[in-house]
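Trainee:
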Amino acid sequence: WKGRKASLVAAWRVASNVIRRRHMATGGRALVARMRMVLKDAGVPLWLQTSMTELIVDDSGVVLGVVAKRDGNTVRIGAKRGVLLATGGFEHNEDMRAEYLPKHGVANISAGAKENTGDGILAGQKLGAAVDLMDDAWWMPSVMHPMGAVIPLVSERCIPPSVIVNSRGERFTNESSPYVNFVHDQLDGGHVPAWFVMDSKAKSRYPFAQVLPGVPFPQGFYDSGVVHKADTLRDLADQIGVKADTLVATVDRFNGFARTGRDEDFGRGDSAYDRYYGDPTMKNPCLDEITQGPFYAIRCEAGDLGTKGGLVTDADARVLREDGSVIDGLYATGNTSASVMGNEYAGAGATIG
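Listed below in structure tokens is the structure:
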């Protein structure tokens, strides 16, 4: 009942906002809204559909502005105090992905903005800027919607009666771990794609990939091969091309952990992070037996929220060359710069810089 009450409160909040024609800006949205308001108050114009083509540099190497395309025209914009590159990463640049993210290939399953094609990073490199972390990203296990949208799997990986298995039908990591860590394990082991396996109990209780509890998956999910459904685990294994005996053994072992409340293989549910998205009514919020057919298998891709590598900067966001010297007048932030988080993901909002 506690969960039902929370769901009703959330539903009422959404409905009331729609009726009152208002938008509640919280979290990252509130931050962006505040930044937009600061620009407006300062009288700074915001140009949309405007792409930078190159940086303007004087004979001594100082950055003085940018050349951009706007409304079909080339414009030169001077910047007396320097240029701040905040053009995002390179998640939608297939050539850069092929060069820097070979383990991930060029499948380009990214939820990042389509305009993030590495323009700022490339412009900095032309001036001799150093780059770092180019082989990493803000990884996110994801489901490809039949219409092409990328659906991140955050809370879904903590659904108690579920496991994620590889092409051999085996678990390969703690499914409830932070999403960057999960995909690191997925890529390092070559477990792409993986399969999210759950039973009908999970389907009736928990939302999954923007489909509400108890609501059938749209037929397009089945037609595209993203979702498979079968009355038995053996039949499900046949549909997704894994050994039935292995999948059954994997689920049986997991069910034993669910009964004791301790995942002896990967420690799922041991950490506060794991339990945050779990079901508090369970002995272990992340573990429950997978027993009730029909069973579902959903294709789980190694997606991302954007790339993590970029221009190397100092504590003042100044872009640095390979020798550590500063490129005067050039700054970088967000996914245009190499993340201060390194290969980890400390928490939501880290992609902002």
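With the numbering used here as the guide, the letters of the sequence shown map in order to residues 8 to 360.
Built from N, CA and C at the ideal position, the CB exists for glycine as well.
Since the model is a prediction, treat every value here as computed from it, not as a measurement.
1. In terms of alpha-carbon separation, which member of 51, 92 and 150 lies closest to residue 340?
2. Below 7 Å CB to CB, which residues in the same chain sit around residue 195 once its five sequence neighbours on both sides are set aside?
3. Measure the CB-CB distance between residue 199 and residue 304 and report whether it falls below 7 Å.
4. Touching or not, the region 274 to 285 and the region 239 to 253, by the rule of three or more beta carbon pairs under 8 Å?
5. If we call anything under 7 Å between Cβ atoms a contact, is residue 70 one with residue 176?
6. Tell me the rounded alpha-carbon separation between residue 107 and residue 253.
7. Can you find at least 3 beta carbon pairs, one from the region 215 to 230 and one from the region 314 to 322, that sit closer than 8 Å?
8. May I ask you to report which of helix, strand or coil DSSP gives residue 294?
9. Does residue 76 come out as helix, strand or coil in the three-state DSSP assignment?
10. Which first and last residues belong to the beta strand (DSSP E) in which residue 204 is found?
11. Nearest-angstrom Cα distance between residue 125 and residue 134?
12. What's the gap between the Cα of residue 174 and the Cα of residue 202?
13. Any contact between the region 156 to 166 and the region 258 to 272? By contact I mean 3 or more CB pairs, one from each, below 8 Å.
14. Specify the secondary structure class of residue 83 as computed by DSSP and reduced to three states.
15. Check this for me: beta carbons of residue 208 and residue 168, under 7 Å apart or not?
16. Starting from the C-beta of residue 94, find all residues in its chain whose C-beta is less than 6 Å away, skip the five residues before and the five after it, and write them out in chain order.
17. Please classify residue 365 as buried or exposed, where buried requires at least 16 neighbouring CB atoms within 10 angstroms.
18. Alpha carbon to alpha carbon, how far is residue 15 from residue 21?
19. Apart from the five residues on each side of it in sequence, which residues of its chain come closer than 6 Å, Cβ to Cβ, to residue 96?
20. So what does residue 235 bridge to, in DSSP terms?
21. Just verifying my parser: in three-state terms, what is the DSSP assignment at residue 124?
22. Going by Cα to Cα distance, which pick from 357, 237, 291 and 355 is closest to residue 165?
23. Can residue 238 and residue 297 be called in contact, C-beta distance under 7 Å?
24. What residues in its chain sit with their C-beta under 7 Å from that of residue 2, if we drop five residues either side in the sequence?
25. What distance in whole Å lies between the Cβ atoms of residue 39 and residue 336, which are believed to be in contact at a cut-off of 8 Å?
26. When we look at the beta-carbon of residue 65 and count the other beta-carbons within 10 Å, is it buried (16 or more) or exposed?
27. Could you pull out every unbroken alpha helix (DSSP H) segment of at least 4 residues lying fully inside the region 25 to 74, listed in chain order?
28. Can you name the start and end residues of the beta strand (DSSP E) that residue 337 belongs to?
29. What does DSSP give as the partner residues of residue 170 in its beta bridges?
30. What distance in whole Å lies between the Cβ atoms of residue 273 and residue 188, which are believed to be in contact at a cut-off of 8 Å?
31. For residue 179, which of 258, 284 and 80 has the nearest alpha-carbon?
Mentor: Taking the geometry as given:
1. 92
2. none
3. The Cβ atoms of residue 199 and residue 304 lie no closer than 7 Å to each other.
4. At 8 Å Cβ cutoff, the stretches do not touch.
5. no
6. 35 Å
7. no
8. coil
9. strand
10. 201 to 206
11. 15 Å
12. In a straight line, the C-alpha of residue 174 is about 8 Å away from that of residue 202.
13. Touching, no.
14. Secondary structure of residue 83 (DSSP, three-state): strand.
15. Yes. Within cutoff.
16. Excluding residues within five positions, the ones whose Cβ falls inside 6 Å are 126, 127 and 343.
17. The structure shown has nothing for residue 365, since the chain only spans 8 to 360.
18. 10 Å
19. 123, 313, 314 and 342
20. 304
21. DSSP places residue 124 in the coil class of the three-state scheme, outside both helix and strand.
22. 291
23. no
24. Summary: the structure shown does not reach residue 2, with the chain confined to residues 8 through 360, and so no result is reported for it.
25. At roughly 26 Å, the Cβ-Cβ gap does not stay under 8 Å, so residue 336 and residue 39 are not in contact.
26. exposed
27. The region 25 to 74 is shown to contain whole alpha helix (DSSP H) runs of 4 or more residues at 34 to 48, in chain order.
28. 333 to 339 is the span of the beta strand (DSSP E), which, as asked, contains residue 337.
29. Residue pairing from DSSP places residue 170 in a beta bridge opposite 204.
30. Incorrect: roughly 11 Å between the Cβ atoms, too far for contact.
31. 258
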